[in-house]
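Heads up, the sequence shown is in our numbering, so the first residue is 218 and it goes up one at a time.
Think of the CB as a built atom: it goes at the ideal place given N, C-alpha and C, for glycine as much as any other residue.
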Amino acid sequence: MPGRGKIQIFSGRSAEDYSLDVLHNLRGLNEYTSKFVDLNGEKNVKCFSDGEIEIEILSSVRKKDIYVIQRTSNRNVNNLSTHENKIELFHLIDSLKRSHAGSITVIEPFISCSRSDRAYARNSSGLAIHFKTLVSIGANHVITYQLHSEKSKMMIDPVYAYIDDVPLYPQIQKYIFKEFVKTREYLHNEVHKNWAICSVDAGGEKVARAFADIFGCQLIIANKRRSYSRVNTIEGVSLLTDEPIENKTIWVIDDMIDTAGSILELVKALKARNPKEINIAIAHPVFSGPGVSRMIEMHELGYIQTLLVCDTIWISDQMKNEMPFMKIISTAPITADIIYKTNIGESLSIYFDPINPYHVLPY
Numbered sequence: 218m219p220g221r222g223k224i225q226i227f228s229g230r231s232a233e234d235y236s237l238d239v240l241h242n243l244r245g246l247n248e249y250t251s252k253f254v255d256l257n258g259e260k261n262v263k264c265f266s267d268g269e270i271e272i273e274i275l276s277s278v279r280k281k282d283i284y285v286i287q288r289t290s291n292r293n294v295n296n297l298s299t300h301e302n303k304i305e306l307f308h309l310i311d312s313l314k315r316s317h318a319g320s321i322t323v324i325e326p327f328i329s330c331s332r333s334d335r336a337y338a339r340n341s342s343g344l345a346i347h348f349k350t351l352v353s354i355g356a357n358h359v360i361t362y363q364l365h366s367e368k369s370k371m372m373i374d375p376v377y378a379y380i381d382d383v384p385l386y387p388q389i390q391k392y393i394f395k396e397f398v399k400t401r402e403y404l405h406n407e408v409h410k411n412w413a414i415c416s417v418d419a420g421g422e423k424v425a426r427a428f429a430d431i432f433g434c435q436l437i438i439a440n441k442r443r444s445y446s447r448v449n450t451i452e453g454v455s456l457l458t459d460e461p462i463e464n465k466t467i468w469v470i471d472d473m474i475d476t477a478g479s480i481l482e483l484v485k486a487l488k489a490r491n492p493k494e495i496n497i498a499i500a501h502p503v504f505s506g507p508g509v510s511r512m513i514e515m516h517e518l519g520y521i522q523t524l525l526v527c528d529t530i531w532i533s534d535q536m537k538n539e540m541p542f543m544k545i546i547s548t549a550p551i552t553a554d555i556i557y558k559t560n561i562g563e564s565l566s567i568y569f570d571p572i573n574p575y576h577v578l579p580y
């Protein structure tokens with residue numbers, strides 16, 4: 218089968234567990250991929266006492282189709298900081314470029330600086346710096362999941378490199394249909410009448426509306442008043458929907474939860490209107506600072522029933538034990554399939570197309 222060359226996958230130290238999961242899924246895709254050998258690229262990370270590092274590639278990558286998987290969040294199995302993870306990613310790309318790799322595709326399931334996507338007056342844009350660095354040192358292609366803003370991918374000029382910002386909302390919708398809706402009868406008799414989709418703020422209305430359209434249910438819009446004098450701080454949340462939500466099942470949709478301050482205020486506002494239950498679905502479980510403790514508090518107080526997340530950021534066993542109400546969607550299978558499709562030049566449109574409930578639900 219023709220392709221861009223032999224696939225080889227390298228990972229940063231913070232993504233080694235995820236990379237092995239991707240490799241396992243890649244080999245299990247089909248008969249062709251089951252014959253792949255030497256997929257796992259070997260490297261040596263040299264750490265010096267002054268904090269500097271160097272990376273040595275231990276085998277030939279000449280003309281190969283290279284995929285570099287890295288997690289840049291500061292929550293990872295090796296307890297490395299965000300900055301250490303980024304520097305390691307940059308060194309890895311540089312060493313592969315100097316080793317004459319045929320193509321270098323960077324896979325960052327969650328880009329930690331994705332919210333730093335606009336420059337006001339004299340402040341910097343972390344995402345613009347990150348993308349410029351990746352491309353300037355040799356990345357040909359960047360693949361990520363659910364960027365904070367749809368416009369962010371415009372920061373990479375296709376003259377120099379490509380970017381695929383793969384949405385995770387269809388994966389979340391598919392999971393909800395399979396695990397919570399389950400049948401077409403329940404969709405018609407319960408979901409259409411007694412479910413509601415809620416945005417976290419006005420900026421999330423488009424996403425929430427798309428969910429409401431797919432599930433055929435009520436839409437709730439919230440407005441978040443943010444404090445710009447302090448980071449990660451909001452002044453309050455108000456609901457802009459007058460329709461009653463009493464005894465309804467609410468799904469709050471957002472791209473990420475960080476400190477959980479916004480979601481806590483929203484859930485309190487929703488709970489005051491006496492819904493049957495409140496569930497939360499997000500792509501990226503950032504959970505910094507008081508994020509985890511706030512989620513636990515919301516569940517213990519009976520505010521929320523289910524928290525649905527994707528594994529774009531490492532989730533420790535301790536977090537899983539502390540939040541048994543959290544359900545995790547694995548992204549490794551789609552990452553493996555995206556690598557395969559990219560290598561053979563096949564379209565990724567299957568991951569961008571809206572979900573059809575009737576293709577997911579049995580009769």
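Within 10 Å of its beta-carbon, does residue i have 16 or more other beta-carbons around it, so buried, or fewer, so exposed?
i: Gln535; result: exposed
i: Glu325; result: buried
i: Tyr377; result: exposed
i: Glu305; result: buried
i: Met371; result: exposed
i: Phe265; result: exposed
i: Gly506; result: exposed
i: Pro502; result: buried
i: Ala338; result: exposed
i: Lys423; result: exposed
i: Ala500; result: buried
i: Leu518; result: exposed
i: Gly562; result: exposed
i: Pro492; result: buried
i: Val398; result: buried
i: His358; result: buried
DSSP puts residue i in a beta bridge; with which residues?
i: Ile532; result: Bridge partners of Ile532: none, in fact.
i: Asp381; result: Ile360
i: Leu525; result: Ala498 and Lys544
i: Val417; result: The partner list for Val417 (beta bridge, DSSP) is empty, contrary to what the question assumes.
i: Ser566; result: Beta-bridge pairing links Ser566 to no other residue.
i: Leu456; result: Ala439
i: Cys264; result: Ile270
i: Arg279; result: Ala318
Going by DSSP, what residue range makes up the alpha helix (DSSP H) through residue i?
i: Asp238; result: Glu233 to Arg244
i: Tyr386; result: Tyr386 to Ile393
i: Ser320; result: Ser320 -> not in any alpha helix (DSSP H); beta strand (DSSP E) instead, spanning Ser320 to Glu325.
i: Lys558; result: Ala549 to Ile561
i: Gly343; result: Gly343 to Ser353
i: Met515; result: Gly508 to Glu517
In chain order, what residues of the same chain lie with their CB nearer than 8 Å to the CB of residue i, ignoring the 5 residues before and after it?
i: Trp412; result: Phe432, Cys434, Gln435, Lys465, Thr466, Ile467 and Trp468
i: Glu259; result: Ile274, Leu275 and Ser276
i: Leu313; result: Phe227, Ile274, Val278, Ile283, Val285, Ile321 and Gly355
i: Asn296; result: none
i: Leu487; result: Cys415, Ile437, Leu456, Ile462, Ile467, Val469 and Ile495
i: Leu256; result: Ile224, Gln225, Ile226, Leu240, Leu243 and Arg244
i: Leu246; result: Ala553, Asp554 and Tyr557
i: Trp531; result: Ser231, Asp234, Tyr235, Arg288, Ser290, Arg292, Asn293 and Val294
i: Pro384; result: Tyr362, Gln363, Tyr568 and Phe569
i: Asp382; result: Thr361, Tyr362, Gln363, Leu364, Glu367, Ser369 and Lys370
Between which two residues does the beta strand (DSSP E) holding residue i run?
i: Phe227; result: Ile224 to Ser228
i: His501; result: Glu494 to Pro502
i: Thr466; result: Thr466 to Ile474
i: Asp282; result: Asp282 to Ile286
i: Leu436; result: Gln435 to Ile437
i: Ile270; result: Ile270 to Ile274
i: Asn257; result: First-last for Asn257: undefined, no H or E at that position.
At the level of alpha carbons, what is the spacing between residue i and residue j?
i: Leu481; j: Asp418; result: 13 Å
i: Ser566; j: Glu301; result: 34 Å
i: Arg335; j: Phe428; result: 27 Å
i: Pro550; j: Gly478; result: 32 Å
i: Asp528; j: Tyr249; result: 27 Å
i: Ile346; j: Asp311; result: 16 Å
i: Pro400; j: Gly343; result: Note that residue 400 is Thr in the sequence shown, not Pro. Answer to the nearest angstrom: the Cα atoms are 44 Å apart.
i: Leu404; j: Asn261; result: 52 Å
i: Gln522; j: Ile270; result: 45 Å
i: Asp430; j: Leu309; result: 43 Å
For residue i, I'd like the list of residues in its chain whose CB is within less than 7 Å of its CB, leaving aside the five on either flank, ordered along the chain.
i: Ser329; result: Thr289, Ser290 and Thr299
i: His365; result: Ser331, Arg332, Asp334 and Asp472
Take residue i and list the residues in its own chain whose beta-carbon comes closer than 6 Å to its own, dropping the five residues that flank it on each side.
i: Ala232; result: Ile286, Gln287 and Arg288
i: Pro387; result: Ile572
i: Ser510; result: none
i: Leu525; result: Ala498 and Lys544
Check whether the Cβ of residue i lies closer than 7 Å to any Cβ atom in chain C.
i: Glu367; result: Among the chains in the structure shown there is no chain C, since it carries only a single protein chain.
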